[in-house]
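> One structure coming up, written as structure tokens, with questions to follow.
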Amino acid sequence: MFTYYENYYAGADISFSALVICQHSNEKEVFYYEDVNYIIKQQTLYTQHPDDFEEEKIEQLKIANDWNQKINLDKCIKKEITKDKPDIPHEKEIKNKIVNQFHLNNKSYSLFVDFLTNDSNNKNFIIYGFIRMDGNGIYFIGLVEINNNSIEKINFLVPSNVFDYKTEFIEFKKANNWWN
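Using my numbering, the first residue of the sequence shown is number 1, and each one after it goes up by one.
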């Protein structure tokens, strides 16, 4: 179990920490339970001392991740450990589709997009980002489907709460046949 802290997410004026559980790791890969291996907490911008997580939420996280139980790698997904931040495939085309999806044409905006993860076939992937317009913002998650090395479609989720979207995200992935 470890804590990840982001004291300023570029362009979005938010700060958060995440408590994360990984089941196993070696020099090349990390293994974890998809969708239930973390909790997120909003933090004060630039704070030097992030707020602690509530004990009840920590206990729920431990239960969901079989804390103090024998590791069951069959329940895990695995991801390669890398120090490099992956580039977003087809980034320019994806940004154009985001502009169209959120009707940003002829509007003043800033757009931040990052790569989150790819599926087990390294074909489809998930992005996340933030759009700033006139002091307002839209957080989004996009599931990008690739067919014959070109974008077939992008499905978007705008979470109702950026610090507590786990259930929405799971349902979004199910509805879009995400398989990891």
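Positions of the beta carbon are idealized from the N, C-alpha and C atoms, including for glycine. Predicted model, so just to flag it, every value in this text is computed and none were measured.
With DSSP run on the structure shown, which of helix, strand or coil describes Val162?
By one-based count along the sequence shown, residue 162 stands at place 162. Coil at Val162, not helix or strand.
> List in chain order: all unbroken beta strand (DSSP E) runs of 3+ residues lying wholly within the stretch 114-154.
125-133, 136-147
> I'd like to confirm the pairing. Which residues does DSSP put opposite Lys79 in its beta bridges?
Counting from 1 along the sequence shown, the entry for residue 79 is found at position 79. DSSP lists Val30 as partners of Lys79.
> By the three-class DSSP mapping on this structure, what secondary structure does Lys85 have?
Sequence index remark: in the sequence shown, residue 85 carries index 85 (1-based). Three-state DSSP puts Lys85 in coil, outside helix and strand.
> Taking its Cβ as the centre, do 16 or more other Cβ atoms sit within 10 Å of Leu73, making it buried, or is it exposed?
Within the sequence shown, the letter at position 73 stands for residue 73. Exposed, because fewer than 16 other Cβ atoms sit within 10 Å of the Cβ of Leu73.
> For Phe172, count neighbouring C-beta atoms within 10 Å of its own C-beta (all shown protein chains included) and say buried if the count is 16 or more, exposed if not.
Translated into positions along the sequence shown, residue 172 becomes position 172. Buried, since its Cβ has 16 or more Cβ neighbours within 10 Å.
> Give the single residue among Glu27, Glu168, Trp178, Leu111 whose Cα lies nearest to the Cα of Lys83.
For the purposes of this step, residue 83 is taken as residue 83 along the sequence shown, with counting starting at 1. Closest option to Lys83, Cα to Cα, is Glu27.
> Please tell me whether Lys41 and Phe163 are closer than 8 angstroms, where the distance is taken between their beta carbons.
Translated into positions along the sequence shown, residue 41 becomes position 41. Translated into positions along the sequence shown, residue 163 becomes position 163. Yes, the pair counts as a contact, with Cβ atoms nearer than the cut-off.
> For Val113 versus Asn105, is the C-beta spacing smaller than 8 angstroms?
Your numbering for residue 113 matches position 113 in the sequence shown. Your numbering for residue 105 matches position 105 in the sequence shown. No, they are not a contact pair.
> Where does Gln23 sit, in a helix, a strand or coil, going by DSSP?
Position 23 of the sequence shown, counted from the first residue, corresponds to residue 23. Residue state, collapsed to three classes: coil.
> Where does the unbroken alpha helix (DSSP H) through Ile63 begin, and where does it stop?
Counting from 1 along the sequence shown, the entry for residue 63 is found at position 63. Where Ile63 is concerned, the enclosing alpha helix (DSSP H) stretches over 55-64.
> In the DSSP assignment, what residue or residues form a beta bridge with Ser15?
Translated into the one-based positions of the sequence shown, residue 15 becomes position 15. The partner list for Ser15 (beta bridge, DSSP) reads Gln43.
> Which same chain residues, not among the five before or five after Ile151, have their C-beta less than 8 angstroms away from its C-beta?
By one-based count along the sequence shown, residue 151 stands at place 151. So the list reads His90, Glu93, Ile94, Lys97, Val144, Glu145, once near-sequence residues are dropped.
> Going along the chain, which residues of its own chain have a beta-carbon closer than 6 angstroms to the beta-carbon of Asn155, five neighbours each way excluded?
Residue mapping note: residue 155 aligns to position 155 of the sequence shown, counting from 1. Counting only Cβ-Cβ distances below 6 angstroms, and skipping sequence neighbours, we find Leu143, Asn176.
> Out of Lys166, Tyr128, Asn124, which one is the CA nearest neighbour of Asn148?
Reading the sequence shown from its first residue, position 148 is the one you call residue 148. Ranked by Cα distance from Asn148, the first of Lys166, Tyr128, Asn124 is Asn124.
> Please identify the residue among Ile14, Tyr33, Phe16 whose C-alpha is closest to the C-alpha of Cys22.
Position 22 of the sequence shown holds residue 22. The option with the nearest alpha carbon to Cys22 is Tyr33.
> Leaving out five residues on either side along the sequence, give the residues of the same chain with a beta carbon under 6 angstroms from the beta carbon of Val36.
Taking the sequence shown and counting its residues from 1, one reaches residue 36 at position 36. Only Ala64 meet the Cβ criterion.
> Do Val30 and Lys79 have their CB atoms nearer than 8 angstroms?
Mapped onto the sequence shown, residue 30 falls at position 30. Mapped onto the sequence shown, residue 79 falls at position 79. The answer is yes: Cβ separation under 8 angstroms.
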